[in-house]
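Visitor: Below you'll find the structure I mean.
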C-alpha cells in the first residue's frame, strides 16, 4: 500500500529527461537517477523503455529511459550463488505421475492424458539468442522443432519434470487473485514439490494496478516498476481444481492457517520467507 501511495504522488511530480544513447548492448552497468547501480545483460530498447536481464538476479526487467542517467558497456562477472539446501533435496526429477508430453487443456491434465508428445526444447526467456536451458532452470519457454514458441497449453512434462504454463495459471486462478499478472504469460514454471493434495511452484508475478501506476509515473516510477515483479508461491489445488497465488505474506497465512496453524508466519516483510513456505508445503502436500 505504501508503494502505491508513493507512486500516486510521483504521478504529479516533475519528470526527468535522459540524454543516454539508446543502443543494444551485450552487458554493462546502468546508473539510475537514485544513484543505484544495475549490472545487466542483453540490453534492448522498446519505445521509451530499456529491456534487459538483471545480471545479479538473472531475471528480466524493464525501466523507462528517464530512470537512467548513465550506461556503460563492459564485460561483467557475477559469482553464482550457492544452491539452497531445499533445491538440493527436492528439485529431483519428478513428474508426479504425469506421463511425458504436452497437456493442452486442464481436463487433459486432470485425467493425466497428454494431448501430444512432440519434440520440444527448453529455452531462456530473454536475450538475443534464447539459449537452451538445463533441467535446473525453473522458468523457461518451450519451442517445437519448427522454432515456434509453445503457447496456449496447460502444462508440459519435459525430461521427467512437470511445468505449468503461466497463462494457464492466470486463467485458472482463485477469484481473489485476479490482480496478479505476468510479463511473460507464455513462459513455464517448474513444479518444485507435490503430493495428493497440492502441487507447488513459484512464478514471477506483479500486482497489475501497482505496476501500471509505476510505469505511468515516468522516471522515478520506472525505477520502482522493475522491482514490483517478484517470485510468488503458486499452488495447484487438486480438490478445487484451481491455482492459489500467495500474493503476500498475509495471503500465505490465510491459506496455511486452515491447514497447518504451526506454519503461520510472523509477517515482517511484504513477501513471506519462501524457505519456510516450501517446508510448509512439503508437509501438507
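Residue numbers (the numbering used here): 2 to 286.
C-beta: ideal position from N, C-alpha, C; glycine also.
Taking 7 Å as the cut-off, decide whether the C-beta atoms of residue 69 and residue 127 are in contact.
Guide: As a position in the chain shown, residue 69 is number 68, starting the count at 1. As a position in the chain shown, residue 127 is number 126, starting the count at 1. Taking 7 Å as the Cβ cut-off, residue 69 and residue 127 do not qualify as a contacting pair.
Visitor: Go through its chain and collect everything with a Cβ distance to residue 84's Cβ below 6 Å, but skip five positions before and after it.
Guide: As a first step, residue 84 is located in the chain shown; it is residue number 83 there, counting from the start. In this prediction, residue 84 has a pLDDT of 37, which is less than 50 and means its spatial position is unreliable; nothing more can be read from the coordinates.
Visitor: Report back the beta-carbon spacing between residue 190 and residue 202 to the nearest angstrom; my notes put them in contact at under 8 Å.
Guide: Indexing the chain shown from 1 puts residue 190 at position 189. Indexing the chain shown from 1 puts residue 202 at position 201. Residue 190 to residue 202, Cβ: 5 Å. Contact.
Visitor: Using three-state DSSP, classify residue 171 as helix, strand or coil.
Guide: For the purposes of this step, residue 171 is taken as the residue at position 170 of the chain shown. Of the three classes helix, strand and coil, the one that applies to residue 171 here is helix, per DSSP.
Visitor: Indicate whether residue 187 and residue 152 have their beta-carbon atoms separated by less than 7 Å.
Guide: Residue numbering aside, residue 187 sits at position 186 when the chain shown is read from its first letter. Residue numbering aside, residue 152 sits at position 151 when the chain shown is read from its first letter. Cβ distance < 7 Å, so residue 187 and residue 152 count as in contact.
Visitor: Can you tell me whether residue 133 is buried or exposed, with buried defined as 16 or more other CB within 10 angstroms of its CB?
Guide: Translated into positions along the chain shown, residue 133 becomes position 132. Exposed, because fewer than 16 other Cβ atoms sit within 10 Å of the Cβ of residue 133.
Visitor: Buried or exposed: where does residue 62 fall if 16 or more other Cβ atoms within 10 Å of its Cβ makes it buried?
Guide: As a position in the chain shown, residue 62 is number 61, starting the count at 1. Buried, because 16 or more other Cβ atoms sit within 10 Å of the Cβ of residue 62.
Visitor: What's the gap between the Cα of residue 174 and the Cα of residue 42?
Guide: On the chain shown, residue 174 is found 173 positions in, with the first residue counted as 1. On the chain shown, residue 42 is found 41 positions in, with the first residue counted as 1. So the two alpha carbons sit approximately 33 Å from each other.
Visitor: Between residue 236 and the rest of its own chain, which residues show a CB-CB distance below 6 Å, the 5 nearest in sequence each way excluded?
Guide: Here residue 236 refers to the residue found at position 235 of the chain shown. Here the set comprises 199, 201 and 245.
Visitor: Please list the terminal residues of the continuous alpha helix (DSSP H) segment that includes residue 110.
Guide: The count along the chain shown starts at 1 and reaches residue 110 at position 109. It spans 107-111 - the alpha helix (DSSP H) in which residue 110 sits, taken as one unbroken run.
Visitor: What residue range does the alpha helix (DSSP H) around residue 72 cover?
Guide: Locating residue 72 in the chain shown gives position 71, where the first residue counts as 1. Note, residue 72: premise wrong, no alpha helix (DSSP H); beta strand (DSSP E) at 69-74.
Visitor: Can you check DSSP and say which residues form a bridge with residue 201?
Guide: Working through the chain shown from its first residue, we reach residue 201 at position 200. In the DSSP output, where bridge partners are listed per residue, residue 201 has 194 and 236.
Visitor: What's the call for residue 166, buried or exposed, on a 16-neighbour Cβ count within 10 Å?
Guide: One-based indexing of the chain shown puts residue 166 at position 165. Per the 10 Å Cβ criterion, buried.
Visitor: Considering residue 258, what are the terminal residues of the alpha helix (DSSP H) in which it resides?
Guide: Locating residue 258 in the chain shown gives position 257, counting from the first residue. Residues 250-258.
Visitor: Considering only the beta carbon of each residue, do residue 111 and residue 145 sit closer than 7 Å?
Guide: Working through the chain shown from its first residue, we reach residue 111 at position 110. Working through the chain shown from its first residue, we reach residue 145 at position 144. No, the pair does not count as a contact, with Cβ atoms beyond the cut-off.
Visitor: Let me check one thing: in DSSP terms, what residues is residue 133 bridge-paired to?
Guide: Residue 133 sits at position 132 when you count from the first residue of the chain shown. Per DSSP, 124.
Visitor: Taking the alpha-carbon positions, what's the residue 130 to residue 27 distance?
Guide: For this step, residue 130 is matched to residue 129 along the chain shown. For this step, residue 27 is matched to residue 26 along the chain shown. So the two alpha carbons sit approximately 11 Å from each other.
Visitor: Excluding the 5 residues flanking residue 168 on each side, which residues of the same chain have their C-beta closer than 7 Å to its C-beta?
Guide: Looking up residue 168 in the chain shown gives position 167. Result list for residue 168: 186 and 187, in chain order.
Visitor: Who are residue 182's beta bridge partners in DSSP?
Guide: As a first step, residue 182 is located in the chain shown; it is residue number 181 there, counting from the start. The partner list for residue 182 (beta bridge, DSSP) reads 207.
Visitor: Mapping the DSSP letters down to three states, classify residue 245 as helix, strand or coil.
Guide: Against the chain shown, residue 245 aligns to sequence position 244. Residue state, collapsed to three classes: strand.
Visitor: In angstroms, rounded to a whole number, what distance separates the CA positions of residue 101 and residue 95?
Guide: To locate residue 101, count along the chain shown from 1; it is residue 100. To locate residue 95, count along the chain shown from 1; it is residue 94. Near 11 Å, if we compare the C-alpha coordinates of residue 95 and residue 101.
Visitor: Using three-state DSSP, classify residue 56 as helix, strand or coil.
Guide: Here residue 56 corresponds to residue number 55 of the chain shown, with the count starting at 1. Coil, per DSSP.
Visitor: In this structure, how does DSSP classify residue 45 when only helix, strand and coil are distinguished?
Guide: By 1-based counting over the chain shown, the position of residue 45 is 44. In the structure shown, residue 45 sits in a strand (DSSP, three-state: E or B).
Visitor: Could you check if residue 234 is buried or exposed, using at least 16 other CB atoms within 10 Å of its CB as the buried criterion?
Guide: Taking the chain shown and counting its residues from 1, the one referred to as residue 234 is at position 233. Result: buried.
Visitor: Under a CB-based cut-off of 7 Å, is residue 52 close to chain B?
Guide: In summary, chain B is missing from the structure at hand, where a single protein chain is found.
Visitor: Nearest CA to the CA of residue 139: which residue from 148, 147 and 125?
Guide: Position 138 of the chain shown, counted from the start, is the residue given in the question as residue 139. Checking every option, the nearest Cα to that of residue 139 belongs to 125.
Visitor: To the nearest angstrom, how far is the alpha carbon of residue 40 from that of residue 239?
Guide: Translated into the one-based positions of the chain shown, residue 40 becomes position 39. Translated into the one-based positions of the chain shown, residue 239 becomes position 238. Taking the straight line joining both Cα atoms gives about 41 Å.
Visitor: For residue 249, which residues in the same chain have their Cβ closer than 7 Å to its Cβ, ignoring the five residues on either side in sequence?
Guide: Position 248 of the chain shown, counted from the start, is the residue given in the question as residue 249. For residue 249, where only same-chain residues beyond five positions count, the Cβ hits under 7 Å are 271 and 272.
Visitor: Quick one: using the 10 Å Cβ neighbour count with 16 as the cut-off for buried, is residue 158 buried or exposed?
Guide: Residue numbering aside, residue 158 sits at position 157 when the chain shown is read from its first letter. Under this definition residue 158 is a buried residue.
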